[in-house]
Amino acid sequence: MEKVLVANRGEIACRVLRACREAGIQTVAICAANDAGSMFPELADEVVMLQGDTIAETYLNQSQLLEAARSTGAQAIHPGFGFLSERADFAQAVLDAGLIWIGPSPHAIEKMGDKMTARKTMKAAGVPVIPGEEIELEDEAAALSALEEAAQRVGYPLLLKASSGGGGKGMRAVTEPSGFAEAAAGARREAIAAFGDGRIYIERLLTGSKHIEIQIIADRTGHTVHLGERECSVQRRHQKVFEEAPGPTMTPAIREAMGEAAVAAAKAVDYEGAGTVEFLLAPNGEFFFLEMNTRIQVEHPVTEMVTGVDIVREQLRIAAGEPMSCGTVQMRGHAIEVRLYAEDPANGFLPSIGPLAVFCPPEGPGIRLDTGVREGDDVTPNYDPMLAKLIVWAPSRVEALERMRRALDEFVVLGTTTNVAFLRDLCDNEDVVSGSTTTTTIDDTWPQGWSPVEHEALTQAALLSAAAGETLGLHRPSRSGPSSADGPSSPFSTLSRRFP
Amino acid sequence: MQHRFSLKGEDVDVALVRKNGGLSYQGHSVTVDARGRLKLTLADGSSCTAHAAKVGDVWWVHMQGRTFALERIEPGASSQDHGDGLVAPMPGKILETLVKAGDTVEAGQPMMVLEAMKMEHRIVAAHAGTVVAVHFQSGDQVNQGAVLLELEDTN
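These protein sequences, in sequence, are chains A and B.
Plus 360 on top of the position in the first sequence (first one is 1) and you've got this note's numbering.
Plus 12 on top of the position in the second sequence (first one is 1) and you've got this note's numbering.
Right, dumping it as C-alpha cells:
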C-alpha cells in the first residue's frame, strides 16, 4: 500500500493525511471548490478537485471519488468519519474497483450500519439491547402511523432514531404523545436529507444513563482486542461535546464485561480494522448495546492518549494486511476531549459563521489539538461547524480537568462565535467535576439554555479595549505600529540601507 | 474620544480619558505595546493582556478566557432595530412555513423551519401576536439577516 486517497475533508482528513505521511505512504486529497483554501489539501501529495457544488455532487459522489483514485493510481481509500465512511455500497464499489478499503468489510458495515439489523445481530450474539421497536416502512403516511402505534407500545419518554443515522441527525427525544407527530415528521425529513433513507426506529429513552463506548481493533490474523472505554455522556441534542478516558466511574468488572461484549459484537460480523461499540450504562450497572460505529470516531484521540496506541496508524497497518502492533493494552493517566464548534451557546447553540480573524490555540504540556482550520480561514455554512478538538492528558482526572480549564482560558478565537465559554463552564459543572455525568447533564444543568455569567469589570475592560483599538487605529492594516513612528527604527530598514 | 458600542442590544457610550501614557475608562486603563498588544490594568489592580480584532463593525476582544463581540455604532446612530421582523440567523433553506399572514401565534410557537449546516432550526415566536407577513416559502434560499416574517404584538 503505497498511495492512499483520503475521501474526506477538514479535521479528520488532516488526521489521516498526517498519519500516512508519518508512515511513508503517498497521499491524495479530494477537494470541493469551496474547500480550495482549506488546510487539508495542503497536507496531501496530490489533490483532485471535485466537480459540483453540493455535498451530494462532491464528497458523497462515489463515481467521482473512484475516478480520482484511478487517475492518481491510489491503491487504497480511507473514508474518515461521516460522508461515505459507513456506506457498505461504497466500500463494495471500492473493492470492486480492485482497491483496498481502509475499514471493515461491506458485510460488517451493512450488519452494523443499519441500526435495525444491528439490533437483531446483537440480540442473536447475546449482547443486551434496549427495549424498542423497528419500523421498516418506506411509505411516508404508513410509516408515520406505524411509528405512532409502536410509540404507544414502547412507552414514553422515547427516542426516534434514523436507521442509517449518526451525529444526532434524524434523532428526536419525545417526552409525551402530544409532541410525537411533529417530531416523527421532522426526524424523517432530516434523515432523508442527511442519509437518503427515511427509515426510523423507536426505543425507550433510558434517563440517568451514561454513554460508554469501547474501542476495538481487529486484524486479519484473527486478533480482536479492545482498547478500553471512553465516556461520552455529556451530549447536546445527541451530539457529544465532552469525552474522556477512562470512564470516571468505571469498575474493572464492568470494563471487562463490556469489553468482552464489544469483542463478541465485532466477532459476530467478522470485523476488521478499528471500530467502536457504544453502550448505555444504567445506574444499576446494567448495560445495553446502542450501536457499532464501523469507522474511526471523532473522539478516538482520548483513547490514543491513555493507551499510547495510534489508532489511525493501526488502521493503515491492518488494511495493508499486517498484524496490529499493539499487544496487551494498559491505560495510563486521564485524557479529556472537548469539541470546539462555531456556534452560539447563548443563542440556542445556533451555528455561527464568519472569519477566523484570530485563531490562537493553547499550547504547553499535555495539550493536543486536532483541527482542520487555521487563522484567516472562513467558517461557512457549507459544512459541519466543528472547528477543532482540544484534547488534554494528565496523570489524574483532577489534573486533566485543571489542564483543560487552563487550555480553554488560553484559547483565543476572534471573528466567529464559538462554544469555548460554554466548554469552560462545563469544566466547573458539579457533575463533570464529580464524574457523575449522564446523557441529560446539559439539559438538566441549563434547562432554559446556557448564558455566560456576567462580569461587569471584564465587560468594561472589553469596552475599553475596543474603544482604545478604535482610537489608536489598531484595526487598520496599513498601521505601522503605534511605537514605530517615534520608537527605534526597525532593524530591517537599517539593513536595507546598509546593503541596498 | 468617545465611542458607542452595542452590547446585548443596548447602546453603551465609552468616553476615554488619557492617563499615564495610556487610556482609561471606569477606573480601568490600557496601554498598547510595540506589537500592538493591549495591556490592561483593571480597577482592582489586576492586570492582563487582551487580544482584539475588528471584523466589519464588530470589535472582538478576548481576555481572561472570555470573548466579547462589541459592535461599534457610528457617531449619532443607534443600533439597528429589526422591529418585530424575525431574521434568518444564518444562510439556509426554508423547509417549511407553518403560519400564514393573519394567523395568531402564541409565544414559543414554531413558525418556520430553516435548514442550515445540515441541521433543522425552528424559528419560534418570541411573544404572542399576529403574523403580519410571511416573506419566504418552503424551498426558498435565504441569506443571513433576511427578514423571514413579521409579527405584531397582541395587546
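Note that the Cβ used here is the ideal one computed from N, Cα and C, for glycine as well.
This structure is a prediction, so every number in the text was calculated from the model and none was measured.
- Task: Starting from L700 (chain A), follow the beta strand (DSSP E) in both directions and report where the run begins and ends.
- Result: 694-701
- Query: Does the distance from the C-beta atom of L504 (chain A) to that of I562 (chain A) stay below 7 angstroms?
  - Reply: no
- Item | Local conformation of N155 (chain B) per DSSP, three classes | coil
- Helix, strand or coil: which one does DSSP assign to H102 (chain B)? The sequence given here places Met at residue 102 (chain B); His does not occur at that position. DSSP places M102 (chain B) in coil when its eight states are reduced to three.
- Message: So, under 8 angstroms CB-CB, L783 (chain A) and V698 (chain A) are touching, yes? Tell me the CB distance rounded to an integer number of Å.
- Response: 5 angstroms
- If you count every other CB in all the chains shown that lies within 10 Å of the CB of A58 (chain B), and 16 or more means buried, which is it? The residue asked about is misnamed: residue 58 (chain B) is Ser in this sequence, not Ala. With fewer than 16 other Cβ atoms within 10 Å, it is exposed.
- Which of helix, strand or coil does DSSP assign to T667 (chain A)? helix
- Kindly say whether R78 (chain B), judged by its beta-carbon, lies nearer than 7 angstroms to any beta-carbon of chain A. yes
- Message: Going by the DSSP bridge assignment, what does Y419 (chain A) pair with across the sheet?
- Response: BP columns for Y419 (chain A) are empty, so no partner.
- Do A113 (chain B) and V136 (chain B) have their C-beta atoms closer together than 7 angstroms? no
- Query: Would you call the CB atoms of M399 (chain A) and G732 (chain A) closer than 7 angstroms?
  - Reply: yes
- Task: Determine the DSSP secondary structure at K471 (chain A), reduced to helix, strand or coil.
- Result: helix
- Other residues of its chain near Q599 (chain A): CB distance less than 6 angstroms, five sequence neighbours each side excluded: G528
- Item | Partners in chain B for L824 (chain A), counting only beta-carbon separations shorter than 8 angstroms | V26, L28, L35, S36, Y37, Q38, H40, S41, V42, L52
- Task: Hey, could you find the ends of the alpha helix (DSSP H) L455 (chain A) is sitting in?
- Result: 448-456
- Could you spell out where the alpha helix (DSSP H) holding Q820 (chain A) opens and where it closes? 816-832
- Limits of the unbroken beta strand (DSSP E) element including Q149 (chain B): Where Q149 (chain B) is concerned, there is no enclosing beta strand (DSSP E), given that its DSSP letter is neither H nor E.
- Item | 6 angstroms Cβ shell around C720 (chain A) - same chain, five flanking residues per side excluded | V772
- Query: Within 10 angstroms of its Cβ, does A27 (chain B) collect 16 or more other Cβ (buried), or is it exposed?
  - Reply: exposed
- Message: List, from N- to C-terminal side, the beta strand (DSSP E) runs of 3 residues or more that fit wholly inside the stretch 602-647 of chain A.
- Response: 633-641
- If we ignore side chains and look at the alpha-carbon of each, how far apart do G726 (chain A) and R692 (chain A) end up? 13 angstroms
- Task: Determine the extent of the alpha helix (DSSP H) in which I552 (chain A) is found, giving its start and end residues.
- Result: 540-555
- Query: Out of curiosity, what's the CA-to-CA distance linking R559 (chain A) and A551 (chain A)?
  - Reply: 8 angstroms
- Identify every residue that forms a DSSP beta bridge with C60 (chain B). B:L52
- Item | For A140 (chain B), three-class secondary structure by DSSP | coil
- Residue from A:N368, A:G775, A:T801 whose Cα sits closest to the Cα of C787 (chain A): A:T801
- Task: State buried or exposed for E573 (chain A), treating a residue as buried only when at least 16 other CB atoms are found within 10 Å of its CB.
- Result: buried
- Message: Quick check on the DSSP output: what are the complete beta strand (DSSP E) runs of length 3 or more inside the stretch 751-803 of chain A, in order along the chain?
- Response: 772-774
- For H63 (chain B) and chain A, any beta-carbon pair shorter than 7 angstroms? yes
- Query: How about V623 (chain A) and T584 (chain A): are their beta carbons less than 7 angstroms apart?
  - Reply: yes
- Query: Leaving out five residues before and five after H133 (chain B) in sequence, what residues of the same chain have Cβ atoms less than 6 angstroms from its Cβ?
  - Reply: L126
- Message: Does any residue of chain B have a CB that is nearer than 7 angstroms to the CB of G724 (chain A)?
- Response: no
- Message: Taking 7 angstroms as the threshold (beta carbon to beta carbon), is G95 (chain B) in contact with chain A?
- Response: With a pLDDT of only 47 at G95 (chain B), under 50, the local geometry of the prediction cannot be trusted, and no value is derived from it.
- Query: Just how far apart, CA to CA, sit Q422 (chain A) and F450 (chain A)?
  - Reply: 7 angstroms
- Nearest chain A C-beta to G57 (chain B) closer than 7 angstroms, yes or no? no
- Query: G77 (chain B) to G68 (chain B), Cα distance in whole Å?
  - Reply: 23 angstroms
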